[in-house]
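Asks: Sharing a structure here in structure tokens format.
There are 2 protein chains.
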Amino acid sequence: MKLIKKLNILIVGLGLLGGSYAKGLKKLGFQVNAITKEQSSVDFALEHGIIDYGTTKVEPQIIADADIVIFALYPHVFKEWIKENQQYFKSGAVITDVTGVKSCVVYDIQAMLRDDVEFIAAHPMAGKESSGVENSDDAIFKGANYIVVPTEKNTKEAIELCANLGELLGFSKVSVLSVEKHDRMIAFLSQLTHCIAVSLMCSNDDPDLVEYTGDSFRDLTRIANINDEMWSELFLSNKEVLLEQMDIYRATFNKLYDFINKDDRDGMRDMMRLSTARRREFNKKV
Amino acid sequence: MKLIKKLNILIVGLGLLGGSYAKGLKKLGFQVNAITKEQSSVDFALEHGIIDYGTTKVEPQIIADADIVIFALYPHVFKEWIKENQQYFKSGAVITDVTGVKSCVVYDIQAMLRDDVEFIAAHPMAGKESSGVENSDDAIFKGANYIVVPTEKNTKEAIELCANLGELLGFSKVSVLSVEKHDRMIAFLSQLTHCIAVSLMCSNDDPDLVEYTGDSFRDLTRIANINDEMWSELFLSNKEVLLEQMDIYRATFNKLYDFINKDDRDGMRDMMRLSTARRREFNKKV
Chain C
3 MKLIKKLNIL IVGLGLLGGS YAKGLKKLGF QVNAITKEQS SVDFALEHGI
53 IDYGTTKVEP QIIADADIVI FALYPHVFKE WIKENQQYFK SGAVITDVTG
103 VKSCVVYDIQ AMLRDDVEFI AAHPMAGKES SGVENSDDAI FKGANYIVVP
153 TEKNTKEAIE LCANLGELLG FSKVSVLSVE KHDRMIAFLS QLTHCIAVSL
203 MCSNDDPDLV EYTGDSFRDL TRIANINDEM WSELFLSNKE VLLEQMDIYR
253 ATFNKLYDFI NKDDRDGMRD MMRLSTARRR EFNKKV
Chain U
3 MKLIKKLNIL IVGLGLLGGS YAKGLKKLGF QVNAITKEQS SVDFALEHGI
53 IDYGTTKVEP QIIADADIVI FALYPHVFKE WIKENQQYFK SGAVITDVTG
103 VKSCVVYDIQ AMLRDDVEFI AAHPMAGKES SGVENSDDAI FKGANYIVVP
153 TEKNTKEAIE LCANLGELLG FSKVSVLSVE KHDRMIAFLS QLTHCIAVSL
203 MCSNDDPDLV EYTGDSFRDL TRIANINDEM WSELFLSNKE VLLEQMDIYR
253 ATFNKLYDFI NKDDRDGMRD MMRLSTARRR EFNKKV
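Going line by line, the protein sequences match chains C and U.
Sequential numbering of the first sequence, starting at 3, is according to my numbering.
Sequential numbering of the second sequence, starting at 3, is according to my numbering.
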């Protein structure tokens, strides 16, 4: 399959990400349909020209019409949906997703999926603090990373199609990672940082904090404003890997604590020089 | 003393903050002189019209001319300087500073200072990742907080003068805190956040991180690019209070860790809802 404009794309789950995909894909000229939970999301998307057709029911015909199906659902809802409705897929359809952790969905779904349909996982690393199709915006893809996460079961063609989708949507960098490397990377870069922000914000109940803060605290706690339903599910879906990264981080934090406690200025400065060197390298590449 | 334009202001230590003060004060029409370590800083500041006169020597006359002296030095250098040179101050002069921690300087300096000179401490909560007079910019004060930190020894007049200085320089909020409350607040808002950023950056040596990151990790590690000489001194100057805040934070982080480890979704979600509510409150006030 090639990504040509006459393709019919179905989005399942019209929230912030599903809506942003729909917006971007419709601008590119594709036929974009959607199935989602709330009628208000369908109404909003139709009124604003984000989709061509939308429904809150599982309508076999619009599933059967789709060449590509993009799932933007919570992991456990995603798996349930496939189990119950995969008989409606068109033969040869490619399905992909936006799930933030992969080992908890990819293997199960590939194992249960019909042989004539292929699931290629993807993780668009874009978002906003606000949720819902009302806040969707395909501009969030600019400057962001998009990761294709294939397994041994995936074909070269589907991997390419999925990468092309990321490029077409305007992501700045499209790359390919194994499931295990993806989930470890995400545990460190995204899940651990959210754990830190939540913990930091829960560590002080002084209502006057904001009167005295500088930018550091604002930056570190921006993501403490968090969707608790989604993130608790994502944390538990990647539990072992996340706990491993949390262990490494707290050991490093405890090392710094001990240097301060022992007045070990050289130990502290070594850590600071390492963090500075790494962060500068980081700046160059961004 | 009132802040009128004919006042003579001496800045001791012409780095990023000293230079930014000089720029702002000179624009306001004050006579601004400076004493600093490096001739290159004096040359730069004179060439760019940041100061009226500068020297790398302790010249008794320019100290004696100053109505207000602003110290932008490391804590231990600041104390040494006062000890060695306070005989040159004009009688009735007011001295202030920009030091990021207060208990380690305020009491010692007020105890040793001549009776006819008053030291009123201040903390301008503004900065940049880059240092030196070459990067100075009085625009960094806009949107930033300025805290006056008096002790029982300070007069109402000096507290007002110091607050006026913050207002004149363009800080968005000027407030007054006790030494103890200031240092506890700073330990939490500023020092702990730098400890977290340094630890996070030191927890992973994968050179490919940047290829896959989202905004969260970028935001949390921006301040991991850190002046190790200055920050190690600031941490040790506020050691007991900082360790206390680090203890509170790591207990909270460990609580979240345990919830994840025990699959306690409700426990996690309670913490996330608390952090979200607090951060939203924070957004409103910013």
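The beta carbon of each residue, even a glycine, is placed where N, CA and C say it ideally should be.
Given the structure is predicted, the values throughout are model-derived calculations rather than measurements.
Compare the C-alpha of U/Phe-73 against each of U/Lys-25, U/Val-176, U/Leu-16 and name the closest.
Replies: Reading the second sequence from its first residue, position 71 is the one you call residue 73 of chain U. When only C-alpha atoms are compared, the closest one is U/Leu-16.
Asks: In terms of alpha-carbon separation, which member of C/Leu-167, C/Leu-9, C/Gly-168, C/Leu-18 lies closest to C/Ala-66?
Replies: Stepping through the first sequence from its first residue, residue 66 of chain C is reached at position 64. Per the Cα distances, C/Leu-9.
Asks: Run through DSSP, which three-state label would U/Pro-62 get?
Replies: For the purposes of this step, residue 62 of chain U is taken as the residue at position 60 of the second sequence. Correct three-state label for U/Pro-62: helix.
Asks: From C/Ala-36 to C/Val-60, what does the alpha carbon distance come to, in whole angstroms?
Replies: Walking along the first sequence from the start, residue 36 of chain C turns up at place 34. Walking along the first sequence from the start, residue 60 of chain C turns up at place 58. Cα to Cα, the separation comes out at about 10 Å.
Asks: With DSSP as the reference, identify every bridge partner of C/Glu-120, one or two as the case may be.
Replies: Taking the first sequence and counting its residues from 1, the one referred to as residue 120 of chain C is at position 118. Beta-bridge pairing links C/Glu-120 to C/Val-96.
Asks: Would the beta-carbon of U/Val-1 fall within 8 Å of that of U/Glu-169?
Replies: Only positions 3 to 288 of chain U appear in this structure, which leaves residue 1 of chain U out of reach.
Asks: Pairing CB atoms from the stretch 147 to 163 of chain C with CB atoms from the stretch 42 to 60 of chain C, are three or more of them under 8 Å?
Replies: The stretch 147 to 163 of chain C is not in contact with the stretch 42 to 60 of chain C.
Asks: If you reduce the DSSP assignment to three classes, tell me which class C/Gly-311 lands in.
Replies: Residue coverage of chain C in this structure runs from 3 to 288, which leaves residue 311 of chain C outside it and unanswerable.
Asks: Are U/Ala-95 and U/Ile-53 closer than 8 Å when you measure CB to CB?
Replies: The residue labelled residue 95 of chain U in the question sits at position 93 within the second sequence. The residue labelled residue 53 of chain U in the question sits at position 51 within the second sequence. No; because the gap between Cβ atoms is not below 8 Å, this pair is not in contact.
Asks: Ordered along the chain, which non-local residues of its own chain (more than five positions away) have a Cβ less than 7 Å from that of U/Ala-47?
Replies: Here the question's residue 47 of chain U lines up with position 45 in the second sequence. If we look at U/Ala-47 and ignore the five residues flanking it on each side, its Cβ neighbours are Leu-16, Gly-21, Ala-24, Ala-36, Ile-53, Gly-56, Val-135.
Asks: Return no unless some Cβ of chain U is closer than 8 Å to the Cβ of C/Thr-101.
Replies: As a first step, residue 101 of chain C is located in the first sequence; it is residue number 99 there, counting from the start. Chain U contact via Cβ: absent.
Asks: Taking only the alpha-carbon atoms, compute the straight-line gap between C/Ile-142 and U/Asp-99 and give it to the nearest angstrom.
Replies: Here residue 142 of chain C refers to the residue found at position 140 of the first sequence. Here residue 99 of chain U refers to the residue found at position 97 of the second sequence. In a straight line, the C-alpha of C/Ile-142 is about 43 Å away from that of U/Asp-99.
Asks: Report yes or no: do three or more beta-carbon pairs, one from the stretch 219 to 226 of chain C and one from the stretch 239 to 257 of chain U, lie closer than 8 Å?
Replies: Touching, no, given that fewer than three Cβ pairs across the two stretches are closer than 8 Å.
Asks: Need the endpoints of the alpha helix (DSSP H) that U/Thr-254 sits in, please.
Replies: The sequence position of residue 254 of chain U within the second sequence is 252, counting from 1. Looking at the DSSP string, the run of the alpha helix (DSSP H) that includes U/Thr-254 is 241 to 263.
Asks: Taking only beta-carbon positions, decide if U/Asn-199 is within less than 8 Å of chain C.
Replies: For this step, residue 199 of chain U is matched to residue 197 along the second sequence. Here the sequence assigns Ala to residue 199 of chain U, which means Asn is not the residue at that position. Chain C contact via Cβ: present.
Asks: Work out the CA separation of C/Met-187 and C/Val-243 for me, nearest whole Å.
Replies: Position 241 of the first sequence, counted from the first residue, corresponds to residue 243 of chain C. Position 185 of the first sequence, counted from the first residue, corresponds to residue 187 of chain C. Roughly 9 Å between the two C-alpha positions.
Asks: Taking the C-alpha atoms as reference points, what is the distance between U/Lys-286 and C/Leu-191?
Replies: Working through the second sequence from its first residue, we reach residue 286 of chain U at position 284. Working through the first sequence from its first residue, we reach residue 191 of chain C at position 189. Distance between the alpha carbons of U/Lys-286 and C/Leu-191 is about 28 Å.
Asks: Looking at C-beta atoms only, is the number of pairs between the stretch 79 to 90 of chain U and the stretch 124 to 139 of chain U that lie closer than 8 Å three or more?
Replies: Counting Cβ pairs under 8 Å, fewer than three are found: no touch.
Asks: Determine contact between the stretch 104 to 112 of chain U and the stretch 143 to 155 of chain U, defined as no fewer than three beta-carbon pairs at a distance below 8 Å.
Replies: Result yes; three or more Cβ-Cβ pairs closer than 8 Å.
Asks: Closest Cβ-Cβ distance between C/Thr-215 and chain U: below 8 Å?
Replies: For the purposes of this step, residue 215 of chain C is taken as the residue at position 213 of the first sequence. Yes, contact with chain U.
Asks: State yes or no: is the beta carbon of C/Ala-124 nearer than 8 Å to at least one beta carbon in chain U?
Replies: Along the first sequence, read from residue 1 onward, the residue named residue 124 of chain C stands at position 122. Not one chain U Cβ lies under 8 Å of C/Ala-124.
Asks: Would you kindly check if the distance between the Cβ of C/Trp-233 and the Cβ of U/Met-274 is under 8 Å?
Replies: The sequence position of residue 274 of chain U within the second sequence is 272, counting from 1. The sequence position of residue 233 of chain C within the first sequence is 231, counting from 1. It is a contact, given that the beta carbons lie within the stated cut-off.
Asks: Using a Cβ-Cβ distance cut-off of 8 Å, determine whether C/Phe-255 contacts chain U.
Replies: Your numbering for residue 255 of chain C matches position 253 in the first sequence. Output row for C/Phe-255: interface = yes.
Asks: Closest to U/Met-114 by CA distance: which of U/Val-103, U/Asp-140, U/Asn-87 is it?
Replies: Position 112 of the second sequence holds residue 114 of chain U. Of the listed residues, the one whose Cα sits closest to U/Met-114 is U/Asn-87.
Asks: May I ask you to list, following chain order, the residues of the stretch 144 to 162 of chain C that have a beta carbon less than 8 Å from some beta carbon of chain A?
Replies: Although the question refers to chain A, the structure presented lacks it and instead comprises the protein chains C and U.
Asks: From the DSSP output, in three-state form, read off C/Val-107 for me.
Replies: Counting from 1 along the first sequence, the entry for residue 107 of chain C is found at position 105. Coil, per DSSP.
Asks: Flag C/Met-273 as yes if its beta-carbon sits less than 8 Å from any beta-carbon of chain U, otherwise no.
Replies: Position 271 of the first sequence holds residue 273 of chain C. Yes, its Cβ sits closer than 8 Å to a Cβ of chain U.
Asks: Between C/Ala-165 and the rest of its own chain, which residues show a CB-CB distance below 6 Å, the 5 nearest in sequence each way excluded?
Replies: Within the first sequence, residue 165 of chain C is the residue found at index 163, counting from 1. Contacts found: Val-150, Val-176.
Asks: Between C/Lys-241 and U/Ile-228, how many whole angstroms is the CB-CB distance? I'm expecting something under 8 Å.
Replies: As a first step, residue 241 of chain C must be located in the first sequence, where it is residue number 239. As a first step, residue 228 of chain U must be located in the second sequence, where it is residue number 226. Between U/Ile-228 and C/Lys-241 the Cβ distance is about 32 Å, and since that is not below 8 Å, they are no contact.
Asks: In the DSSP assignment, find the unbroken beta strand (DSSP E) run with C/Tyr-76 in it and report its ends.
Replies: As a working mapping, residue 76 of chain C is identified with position 74 in the first sequence. Here C/Tyr-76 belongs to no beta strand (DSSP E), and DSSP marks it neither H nor E.
Asks: So the beta strand (DSSP E) U/Gly-56 belongs to, where does it begin and stop?
Replies: Here the question's residue 56 of chain U lines up with position 54 in the second sequence. 55 to 57 is the extent of the beta strand (DSSP E) around U/Gly-56.
Asks: Quick one: what's got a C-beta closer than 6 Å to U/Gly-26's C-beta in the same chain, skipping five residues either side?
Replies: Start at 1 with the first residue of the second sequence, and residue 26 of chain U comes out as number 24. If we look at U/Gly-26 and ignore the five residues flanking it on each side, its Cβ neighbours are Asp-140, Leu-171.
Asks: Tell me which residues share the same chain as U/Met-270 and place their Cβ nearer than 8 Å to its Cβ, disregarding the 5 neighbours each side in the sequence.
Replies: Within the second sequence, numbered from 1, the residue matching residue 270 of chain U stands at position 268. So the list reads Leu-258, Phe-261, Ile-262, once near-sequence residues are dropped.
Asks: Quick one, which of U/His-78, U/Asn-137, U/Val-79, U/Pro-62 has its alpha-carbon nearest U/Phe-91's?
Replies: Walking along the second sequence from the start, residue 91 of chain U turns up at place 89. Among U/His-78, U/Asn-137, U/Val-79, U/Pro-62, the Cα nearest to that of U/Phe-91 belongs to U/Pro-62.
Asks: Does the beta carbon of C/Ser-174 sit closer than 8 Å to a beta carbon anywhere in chain U?
Replies: For the purposes of this step, residue 174 of chain C is taken as the residue at position 172 of the first sequence. It does not; no Cβ of chain U falls within 8 Å.
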